[in-house]
Amino acid sequence: MSAPNETARPVAHGKGLATGTLGLWGSTVIGLASTAPVYSLAATLGFVVLAVGAQAPIAFIIAFVPMLLIAFAYRELNRAVPDCGTTFTWATKAFGPWVGWLGGWGVAVAGTVVLANLAQIGGIYFWLLVAPDLAESVPLVTATGVVFIALMSWISWRGLEIGERIQNVLLGVQYLALVLFVVFATVAVITGTAPEGATAPSGEWFNPFAFESFGGLVEAVLLALFIYWGWDTCLALNEETRDPKRIPGRAAVLTTLILLVTYVGVAVAAMSYSGLGEAGLGLGNEGNADDVFFALKDALFGPWAWLLVAAVMISAVSSTQTTILPTARGTLAMAVYRALPKRFATVHPRYRTPSFSTPLMGFVAIVFYVGMTFISDNILQDTILSLGLAIAFYYAITGFACVWYFRRTLFTSWRNFWNRLVFPLAGALLLTGAFVFSAIDMLDPDYGYTVLFGIGGVFVVGVGSLALGAVLMVVWSFFAQSRPFFRGESLNRETDVLVPEDEQTLIRSVDGGVG
């Protein structure tokens, strides 16, 4: 027996988005760019080493497991319902409008928060590259970050094809810097020119039973979860991808695998070159934790040190553009199915992009970024620390939605048993555990940079932003426009979703559109 609507024929014209724009390569590039690999490593590698020492490589591998498991959930749901609303659409079909709406809100919260952080990093590293003395000017850095958000919003509004071309170049620069980092570090270790404390890689670095404390393991895994986040962007672009039922899912799994190799490879190279000492360039030195690449750039790259600075800036700026894409399409889908005002469903007649949701996403991110910076840089930092809650929240919802949506076919084959039940359920449970553990830990007033209402500001911001979504959902449910959605009429398990037909005229993509 097949699940209802699993093979239903979709509505012909979709939501008006361009079809066939991305192939497997383009989809994978955007998925990788969304994770900001260079910036993610720069910001987390040092803290992971401080948390678990020599077990950092295995911590990256362990954190990869729930990401891969949830990627299977995304792939299975996308094959049945290739809708750009992703978590919102799938959770609504599985659990109803209330859970679906909150899932869509989780995606929007995560996107808004990370955009502010990416803009700040982009601004800081731009001035570190151009005029280092100006990098500490908060007004100048903030203004630069605002320009980056506005520029990337315009590119996203202008069309997915031009965005893909730009991302190919920007991602190429990032991986050039990472490859050179690994090569230079490895050569220095082999030739004996590495700093004092350098050490050859050890098999113990990959021993999952060598962690000295469970708390350190959890802290490291939670940090590592953040650096994998973003691969699901290629699923949000499914309606604009050639063969939307297959290529986005393949790109998601491929993206996570590439990230695993990247992160573990760079971690091993950095640990070998710098060692784990607490002095000098050692990764155990707390002074190096904020940005390992910045600490090592002069010793490792010499006169080419600027390349690492440029790579971090490019990583943050490119991720700004790819973060706008899924959030704009998520709110567009919510509006199409009457979960948001219909204005959000507007598509540009020429560029075939969300013409209202895209600039609005940029505007909201700018207001949030400037507002948090104006109030306190500490609060802005706490919003970043709370980001993991939103990520775990909507990823877990997606995993559970996969199991429930396919509940009638779970035991019809071994493939369905593993891909629709075991993997998604395990991933969802792991992320739920991470959410609960993090929330409890964040209650501590000493967690983060601020204290609000006598508890950790990170908890207030993280849980409060999700709770705000529940309030807005209830308020919106009283408007006449929303009633078809909350009554389960505009989107439910049996209704066709507004996606392009399988037999569609494809636009040839810049990468050939081949999968």
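By my numbering, the letter at position 442 of the sequence shown is numbered 1434, and the numbering carries on one by one without gaps. All C-beta atoms, glycine included, are put in the ideal place defined by N, C-alpha and C. As the structure is a computational prediction, the values presented were derived from the model and not from experiment.
The segment 1016-1024 makes no contact with the segment 1334-1354, as fewer than three CB pairs between them are under 8 angstroms. Its Cα nearest to that of Gly1222, the residue Ala1063 stands out among Val1450, Ala1063, Phe1415 and Leu1037. Out of Val1304, Ala1459 and Met1353, the CA that lies nearest to the CA of Gly1322 is found in Met1353.
Inter-residue distance for Ala1100 and Thr1319 is about 6 angstroms (C-alpha atoms, whole angstroms). The closest CA to that of Thr1401, considering only Trp1146, Gly1294 and Glu1068, is found on Glu1068.
Cβ contact annotation for Gly1391 (same chain, cutoff 6 angstroms, sequence separation greater than five): Ile1062, Ala1065, Pro1416, Gly1419 and Ala1420, in chain order. By the 16-neighbour rule on beta-carbons within 10 angstroms, Pro1240 is buried. Between the segment 1170-1179 and the segment 1039-1049, the count of Cβ pairs shorter than 8 angstroms is below three; the stretches do not touch. Fewer than three Cβ pairs drawn from the segment 1141-1153 and the segment 1373-1387 lie within less than 8 angstroms of each other, which leaves the two stretches out of contact. By the CB criterion at 9 angstroms, Leu1483 and Gly1092 fall inside the cutoff. When beta bridges are read from the DSSP output, Leu1014 appears opposite Thr1233. Around the beta carbon of Val1171, fewer than 16 other beta carbons lie within 10 angstroms, which makes this residue exposed.
By the Cβ-count criterion, Phe1201 is exposed, with fewer than 16 other Cβ atoms from all chains shown falling within 10 Å of its own Cβ. Runs of the beta strand (DSSP E) lying entirely within the segment 1417-1477, each at least 3 residues long, are absent. As the crow flies, the alpha-carbon of Trp1406 is around 20 angstroms from that of Arg1242. Under a 10 Å Cβ-count criterion, Gly1294 is classified as exposed, with fewer than 16 other Cβ atoms of the shown protein chains found around its own Cβ. For Ala1388, the enclosing alpha helix (DSSP H) stretches over residues Leu1379 to Tyr1397. The criterion of a C-beta distance shorter than 9 angstroms is not satisfied by Val1213 and Ile1432. DSSP, read as helix, strand or coil, puts Pro1346 in strand. Among the bridge pairs identified by DSSP, Val1339 is matched with Pro1346. Using a C-beta cut-off of 8 angstroms, the segment 1281-1295 makes no contact with the segment 1321-1340, since fewer than three inter-stretch Cβ pairs fall below that distance. Annotation note: the segment 1119-1152 contains the following uninterrupted alpha helix (DSSP H) runs of length 4 or greater, listed N- to C-terminal: 1130-1150.
With contacts defined by Cβ atoms closer than 9 angstroms, Phe1451 and Met1434 form a contacting pair.
DSSP, read as helix, strand or coil, puts Pro1029 in helix. Between the alpha carbons of Pro1058 and Gly1018 lies a distance of about 24 angstroms. Straight-line spacing of the CA atoms in Val1453 and Tyr1387 works out to 19 angstroms.
Remark: three or more beta-carbon pairs, one from each stretch, lie closer than 8 angstroms, so the segment 1106-1118 and the segment 1126-1137 are flagged as touching. Where Asn1199 is concerned, there is no enclosing alpha helix (DSSP H), because DSSP gives it neither an H nor an E. Collapsing the DSSP output to three states places Cys1076 in coil.
Phe1286 has its alpha-carbon roughly 15 angstroms from the corresponding atom of Gln1166.
With fewer than 16 other beta carbons inside 10 angstroms of its own, Asp1438 counts as exposed. Shown here, Tyr1167 sits in a helix according to DSSP, grouped into three states. Between the alpha carbons of Ala1102 and Ile1147 lies a distance of about 21 angstroms.
Just so you know, the alpha carbons of Leu1251 and Ala1216 end up roughly 11 angstroms apart. In the structure shown, the three-state DSSP call for Val1489 is coil. Contact between the segment 1066-1086 and the segment 1300-1310 is absent: fewer than three C-beta pairs spanning the two stretches fall below 8 angstroms.
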